[in-house]
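Each residue of the first sequence is one higher than the one before, counting from -5 in this note's numbering. Every residue, glycine too, gets a C-beta built ideally from N, C-alpha and C. None of the values given here were measured: they were computed from a predicted structure. As structure tokens, the structure follows; a few thoughts come after it.
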Amino acid sequence: MKIYNTLTGQKEEFKPFGTPVKMYVCGVTPYDEAHIGHAMSYIVFDMITRYLEFRGYQVKHVQNFTDIDDKIIARAQERNVSARELAEGYIAEFFKDMDALNVKRADIYPRATEEMNKIVEVIGGLIAQDQAYVSDGDVYFRVTSDGDYGKLSHRSLDDMMAGARVEVDVRKEHPMDFALWKASKPGEPYWESPWGHGRPGWHIECSAMILKYLGDRIDIHGGGQDLIFPHHENEIAQSESFSNKKPFVKYWMHNGLLQLGGEKMSKSLGNLITIKEALSRYSSDALRLFVLSSHYRAPLTYTDEVVMAAERGAERMRAAVQGHEARKPMGDSSSPLVVAAKEARARFVEAMDDDFNTAAAVAALFDLVRDINRAKEQAVSADDLAEAQGVLLELAGVLGFTLEEVAVEEVAAAPFIELLIDVRRELRAVKQYALADQIRKRLADLGIALEDHPEGTTWKASKVKP
RNA sequence: GGCGACGUGGCCAAGUGGUUAAGGCGGGGGUCUGCAAAACCCCUAUCAGCGGUUCGAAUCCGCUCGUCGCCUCCA
């Protein structure tokens, strides 16, 4: 399989260093609710993890929490709680969101505040090698000590200086030098270090955690494209300088950014939609289909129209696996449906092997959906149908779809819905269609869709408005 | 100013040198239905513009127009 590597700008054959595949994905700074941009990123890397496992790789997945930084301190002071309490609360919310999105848990979730020993060790090592220096209680990384600084974002120090948006800071030797350790101000949380009380800079925690939990060379490092510079650039500089081993990361993977109404959704613009808000309107499968309908490296624009379209698509997939019953595989059926399922699988794998082309993989799934529905009308054997549905469920599962019916809060209302359906059946029996149709219409307005079949009437909750 | 991405049907989105340009949503017409819904069938594009390379280009090159991202906290 091939993976696009930001470092080289090319698709490369995936050859991990060994087993397990070591993967690190940048996590969040838990000072607020996670938004749908985070959802996109973690859905993407969830899909990548699931596919690697589907392809037989064992994956060791680490994701951090930046639970101490300026924003956390500021927010905690606003709310009059400790930085730790604030972070703790939003970490719990983050896990709720990820679970609701059916994002599989990483193996380890280290937190910056709990990795101070390793962080201090790495900073100390860099100072000892003269690649970092202490200045007024801060510690800075000396970018000129790293011969290939800028290789990930593909620009030179000269290019960056030409940007001219760098502030002059007398504490730094070079304007692009960045903080490894920040001295604390009075009243701020701090940790002990050889350079005085302070806290780690943003980039160093990831280097330290990777070195500690995965080693000095890892296979995949992921995050949003907005992290390429400066965050990941600095991580490479620190890590390779400290360990003297290259490459620090074999495949750098970056997802495109989610836009909202044409604008990038970002904390500074304040135009955020939280994951909870999105999930109150759409199913998690719909959000996932929305994300995976395009390539992970392409930017994506969130609009109600497009997510609603994904909701309808998700409903069609769900309907296709309805009534699936697990059966023993029958071996080699030559029925057209089973053959179609095999073809869908082959197309799916081919698409995914090409840098996780989920858009093409999803297309294969929808073709299988059509084949299954067609077969249902033609009353194929239960074994063949179960087999094809099983393939659809399996492949959809690799992309992280649950294909479970929309959870109905109205479940408590189910007996009443059944009652209305009974009444309506009586009305239809005596051809009181106007009343019968009114019941159907008003239930539809409440999000309950009725479907009349020769065998009787079924109902389901729907997120799609009639 | 520097670096980079992108522009495919009404909307979203694959395809990056050669059979009928995937798929989803929407729209139109059918089948089914008391009517619907769901499902199925059929229809709905020549790839921003111009020029070039080539036997042949959406796909390569150049220019023009347009959109966007990064360079600052950010997934």
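7 Å CB neighbourhood of G190 in its chain, flanking five on each side removed: Here the question's residue 190 lines up with position 196 in the first sequence. These residues qualify, in order along the chain: G131, A177.
Start and end of the beta strand (DSSP E) containing H215? As a position in the first sequence, residue 215 is number 221, starting the count at 1. Taken as a continuous stretch (DSSP letters only), the beta strand (DSSP E) holding H215 covers 212 to 218.
Where does the unbroken alpha helix (DSSP H) through Y127 begin, and where does it stop? Position 133 of the first sequence holds residue 127. Unbroken run through Y127 is the beta strand (DSSP E), 126 to 129; no alpha helix (DSSP H).
Cβ neighbours of M92 in the same chain (closer than 7 Å, five flanking residues each side left out): In the first sequence, counting from the first residue as 1, residue 92 sits at position 98. Closer than 7 Å at Cβ, skipping near neighbours: Y36.
Which whole-angstrom value is the C-beta distance of T352 and L393, which I expect to be below 8 Å? The residue given as residue 352 occupies position 358 in the first sequence. The residue given as residue 393 occupies position 399 in the first sequence. T352 to L393, Cβ: 6 Å. Contact.
Inspect the beta-carbon positions of T60 and A106 and report whether they are closer than 7 Å. Taking the first residue of the first sequence as position 1, residue 60 is located at position 66. Taking the first residue of the first sequence as position 1, residue 106 is located at position 112. Cβ atoms of T60 and A106: closer than 7 Å.
Let's see if you can read the secondary structure: which residues bound the beta strand (DSSP E) around Y134? Working through the first sequence from its first residue, we reach residue 134 at position 140. That run of the beta strand (DSSP E) goes 132 to 135.
Pull the bridge partners of R275 from the DSSP assignment, please. Locating residue 275 in the first sequence gives position 281, counting from the first residue. DSSP output for R275 lists no bridge partner at all.
Distance, Cα to Cα, K90 vs A308? The residue you call residue 90 lines up with position 96 of the first sequence. The residue you call residue 308 lines up with position 314 of the first sequence. Going by the C-alpha atoms only, they are around 22 Å apart.
Taking one C-beta from the segment 289 to 309 and one from the segment 238 to 258 each time, how about it: are there three or more such pairs within less than 8 Å? yes
Apply the 10 Å Cβ neighbour rule to G12 and answer buried if 16 or more other Cβ atoms are within range, or exposed otherwise. For the purposes of this step, residue 12 is taken as the residue at position 18 of the first sequence. Exposed, since its Cβ has fewer than 16 Cβ neighbours within 10 Å.
Taking DSSP's pairing of strands, which residues face E7 in a bridge? What you label residue 7 is simply residue 13 of the first sequence in a count that begins at 1. DSSP, once it has assigned bridges, lists K(-4) as partnering E7.
Just the C-alpha distance for L415 and E449, rounded to the nearest angstrom, thanks. Your numbering for residue 415 matches position 421 in the first sequence. Your numbering for residue 449 matches position 455 in the first sequence. The sequence given here has Ile at residue 415, not Leu. Taking the straight line joining both Cα atoms gives about 13 Å.
Beta carbon of H197, beta carbon of N228: below 7 Å? Translated into the one-based positions of the first sequence, residue 197 becomes position 203. Translated into the one-based positions of the first sequence, residue 228 becomes position 234. Cβ distance < 7 Å, so H197 and N228 count as in contact.
Any idea what DSSP makes of A28, helix, strand or coil? Position 34 of the first sequence, counted from the start, is the residue given in the question as residue 28. Three-state DSSP puts A28 in coil, outside helix and strand.
Counting along the chain, where does the beta strand (DSSP E) carrying I510 start and finish? As displayed, the chain neither begins before -5 nor continues past 460, which places residue 510 out of reach and without an answer.
Whole angstroms is fine: what's the gap from A205's alpha carbon to R78's? Within the first sequence, the letter at position 211 stands for residue 205. Within the first sequence, the letter at position 84 stands for residue 78. In the sequence as presented, Ala is not what sits at residue 205; that position holds Leu. Taking the straight line joining both Cα atoms gives about 24 Å.
The alpha helix (DSSP H) that contains N367, what's its start and end? To locate residue 367, count along the first sequence from 1; it is residue 373. Segment 352 to 371, the alpha helix (DSSP H) holding N367.
According to DSSP, is M302 helix, strand or coil? In the first sequence, residue 302 corresponds to position 308, counting from 1. If DSSP states are grouped into helix, strand and coil, M302 belongs with the helices.
Helix, strand or coil for G256? Go by DSSP, reduced to three states. Residue 256 sits at position 262 when you count from the first residue of the first sequence. Low per-residue confidence applies at G256: pLDDT is 44, beneath 50, and the placement is therefore not dependable, though the value from the model is reported in the following sentence. Coil, per DSSP.
Among A314, K16, Q71, nearest to E182 - alpha-carbon criterion: By 1-based counting over the first sequence, the position of residue 182 is 188. If we check each option's Cα against that of E182, Q71 comes out closest.
Where does K145 sit, in a helix, a strand or coil, going by DSSP? Position 151 of the first sequence holds residue 145. Coil.
What is the DSSP secondary structure of A100, reduced to helix, strand or coil? The sequence position of residue 100 within the first sequence is 106, counting from 1. A100: coil per DSSP, three-state reduction.
So for Q458, helix, strand or coil by DSSP? Looking up residue 458 in the first sequence gives position 464. For clarity, residue 458 is Val in the given sequence; the question names Gln instead. If DSSP states are grouped into helix, strand and coil, V458 belongs with coil.
Coarse secondary structure for M170, derived from DSSP in three states: Position 176 of the first sequence holds residue 170. Note: M170 maps to coil in three-state DSSP.
Own chain, CB closer than 8 Å to V15, minus 5 neighbours either side, in chain order: Start at 1 with the first residue of the first sequence, and residue 15 comes out as number 21. So the qualifying residues of the chain are L46, Y51, Q52, V53, K54, D213, I214.
Length of the line joining the Cα atoms of E109 and P180: As a working mapping, residue 109 is identified with position 115 in the first sequence. As a working mapping, residue 180 is identified with position 186 in the first sequence. When rounded, the distance between both Cα atoms is 23 Å.
Residues bridged to W246 [DSSP beta-bridge criterion]: Here residue 246 corresponds to residue number 252 of the first sequence, with the count starting at 1. Its beta-bridge partners are H215.
Between the C-alpha atoms of E445 and R321, what's the straight-line distance to the nearest angstrom? To locate residue 445, count along the first sequence from 1; it is residue 451. To locate residue 321, count along the first sequence from 1; it is residue 327. Cα-Cα distance, rounded: 27 Å.
Under the three-state DSSP convention, the category F59 falls into: For the purposes of this step, residue 59 is identified with residue 65 of the first sequence, where counting begins at 1. In the structure shown, F59 sits in a strand (DSSP, three-state: E or B).
Can you list the alpha helix (DSSP H) stretches of 4 or more residues lying completely in the segment 393 to 420, in chain order? none
According to DSSP, simplified to helix, strand and coil, what is D348? Start at 1 with the first residue of the first sequence, and residue 348 comes out as number 354. DSSP places D348 in strand when its eight states are reduced to three.
Keeping to the same chain, check which residues put their C-beta closer than 7 Å to that of G218; ignore five residues upstream and five downstream. The count along the first sequence starts at 1 and reaches residue 218 at position 224. So the list reads S35, H248, N249, L251, once near-sequence residues are dropped.
Would you say Q383 and H318 are within 7 Å of each other, going by their C-beta atoms? Indexing the first sequence from 1 puts residue 383 at position 389. Indexing the first sequence from 1 puts residue 318 at position 324. Their beta carbons are under 7 Å apart, which means Q383 touches H318 by this criterion.
Helix or strand or just coil, what does DSSP make of K90? Start at 1 with the first residue of the first sequence, and residue 90 comes out as number 96. K90 falls in the helix class under three-state DSSP.
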